[in-house]
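The numbers in the sequence shown follow this note's numbering, run straight up by one, and end at 365. To keep things clear, I will list the structure first and then write my remarks on it.
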Amino acid sequence: MLRPFFILLCLTISQAPVTFGQQLIGSVEVHDEALASLINPDEQLEVLAEGFEWSEGPVWVSDGEFLLFSDVWTNRIYRWKEGETAEVFLEPSGYTGPPREGRVGGSNGLTLDSEGRLVMVQHSDRRIARLSGSLTDPEPVYDSVTDLYEGKRYNSPNDLVYHSNGTLYFTDPPYGQDRELDFQGVYSVTPEGTVRLLEAGMSRPNGLAFSPDESILYVANSDPEHLFLMAYDVLPDGGLDNGRVFFDGTSLMEDGLQGMHDGLKVDQDGNIFTTGPGGVLVLSPEGVHLGTIHTTQRTANCAFGNDGSMLYITAHSFLLRIPLLTRGTTP
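Put into structure tokens, the structure is as follows:
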């Protein structure tokens, strides 16, 4: 059952420091010549906005041509549109309780459902929620999609992705306070609200994405001691089977590169764009490391935007983008 949660707080309007024009950073490192069909090796990253505490969860909104993304530690969602400043879109975004000491985690991963409504993981509220109002006149009022598993609160939901049948898949790593669950889960929740635990064996499940035909679900494990992407076969009933390590990024961390596997997206041909040590790693459908988009920052997540040929990247204090020669889908 969906339970409305009314927030008696007003939306505040503020701006993060923003950079216009062609401030370029980073580089593209080629490991395999196949990368040249996906991205121009001479491209650099354009800085769109900066000054965030931990940017995360970008999602492109085609109906409006703008990007939404979380700033986790300020408890805000920002909106960025071509030619405009990045501005606060929702506040609070992920912790809606009374004031408390220390930092609170706001929203993290964001997506849109089949009706174009904003759905998010709320880190400190420990649930999946949906914005109850419209994207054109947002107010911080949310409906709970799921906040309990077998009567216990989630740890700290992190990222989410929809299957085409309307089932939502999400991860729940161990970042929450006063844990009630003794495992870290990958879950699904049907449009009717039925929650199912699909995987409980990962130490820090994080970003997730489907292959183009939805036969495989990729899940990142953001653990410095066990840094890898898992691949699971998606069964007809929506369950997961045949979990295997698809790509192991541990050696890249041992080489001194910053960052871990976190958010990821898959293009129309099955190539995986995953954050990881160094920035955004580009992997073939077979798990070959084709190259890395070096962001110069610890990098949290990415999303396809515009017509699918632009990659938007949230990297610590930055919002970045880089054009691609391939295309991915937007929600």
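Glycine included, every Cβ here is placed at the ideal spot set by N, Cα and C.
Taking all protein chains shown into account, do 16 or more other C-beta atoms lie within 10 angstroms of the C-beta of E125, making it buried, or fewer, making it exposed? Classification of E125: buried, given that the 10 Å Cβ count is 16 or more.
Considering S371, what are the terminal residues of the beta strand (DSSP E) in which it resides? This structure cannot speak to residue 371, because the chain is shown only from 35 to 365.
Curious, which full-length beta strand (DSSP E) runs of at least 3 residues does the region 201–250 contain? 202–206, 219–223, 229–233 and 239–244, all fully within the region 201–250.
Could you check if Q218 is buried or exposed, using at least 16 other CB atoms within 10 Å of its CB as the buried criterion? The residue is buried, with at least 16 neighbouring Cβ atoms inside 10 Å.
Could you please give the first and the last residue of the uninterrupted beta strand (DSSP E) stretch that includes N294? The identity of residue 294 in the sequence shown is Met, whereas the question assumes Asn. Here M294 belongs to no beta strand (DSSP E), and DSSP marks it neither H nor E.
Considering only the alpha carbon of each residue, which of P208, D171 and P92 lies closest to Y188? Cα-wise, what sits closest to Y188 is P208.
Would you kindly report the start and end of the unbroken alpha helix (DSSP H) that includes L286? Taken as a continuous stretch (DSSP letters only), the alpha helix (DSSP H) holding L286 covers T284 to E288.
Once you ignore the five residues that flank L242 on each side, which residues in its own chain have a CB closer than 8 Å to its CB? When the five nearest sequence neighbours on each side are left out, the beta carbons in the same chain lying within less than 8 Å of the beta carbon of L242 are those of D193, L194, V195, Y203, F204, T205, V220, L251, Y252, V253, A254 and L298, in order along the chain.
If you measure between the beta carbons of G139 and G128, is that distance less than 8 Å? Yes. Within cutoff.
Supposed contact pair S198 and E248 - C-beta distance, whole angstroms, cut 8 Å: With a Cβ gap of about 6 Å, E248 and S198 count as contacting.
Count the other C-beta atoms from every protein chain shown that fall within 10 angstroms of the C-beta of E90, then say buried if there are 16 or more, exposed otherwise. So E90 counts as buried.
Identity of the residue in T170, E259, P92 and H323 nearest L144 by Cα: Cα-wise, what sits closest to L144 is P92.
Just to confirm, is the Cβ distance from F307 to V279 under 8 Å? Result no, Cβ atoms of F307 and V279 do not sit closer than 8 Å.
At a Cβ threshold of 8 Å, is D282 touching chain D? The chain inventory of the structure shown lacks chain D, comprising one protein chain alone.
Can you have a look at G310 and say buried or exposed, based on whether 16 or more other CB atoms are within 10 angstroms of its CB? Buried.
On the DSSP bridge list, what partners appear for N335? Partner(s): T348.
Would DSSP call T360 helix, strand or coil? The answer is coil: DSSP assigns T360 none of H, G, I, E or B.
According to DSSP, is W371 helix, strand or coil? Here the chain covers residues 35 to 365 and nothing more, so residue 371 does not appear.
S148: buried (16+ other C-beta within 10 angstroms of its C-beta) or exposed? The residue is exposed, with fewer than 16 neighbouring Cβ atoms inside 10 Å.
For L36, I'd like the list of residues in its chain whose CB is within less than 6 Å of its CB, leaving aside the five on either flank, ordered along the chain. Only weak support exists for where L36 lies, its pLDDT of 40 falling under 50; the value from the coordinates is given anyway. The residues are D177.
Can you say whether P75 is buried or exposed, counting buried as having 16 or more other CB atoms within 10 angstroms of its CB? Burial is judged here by how many other beta carbons sit within 10 angstroms of a residue's own beta carbon; P75 has fewer than 16 and is exposed.
Could you tell me the distance, in whole angstroms, from the CA atom of N109 to the CA atom of E320? Approximately 38 Å between the Cα atoms of the pair.
Please state the DSSP three-state secondary structure of T326. Correct three-state label for T326: strand.
Out of curiosity, what's the CA-to-CA distance linking Q302 and L359? When rounded, the distance between both Cα atoms is 11 Å.
Assuming W114 contacts L353 under a Cβ cut-off of 8 Å, what Cβ separation, rounded to an integer in Å, is found between them? In this structure, W114 and L353 form a Cβ contact; the two beta carbons are roughly 6 Å apart against a cut-off of 8 Å.
Between the CA atoms of T119 and L274 - distance to the nearest angstrom: The alpha-carbon separation between L274 and T119 amounts to approximately 42 Å.
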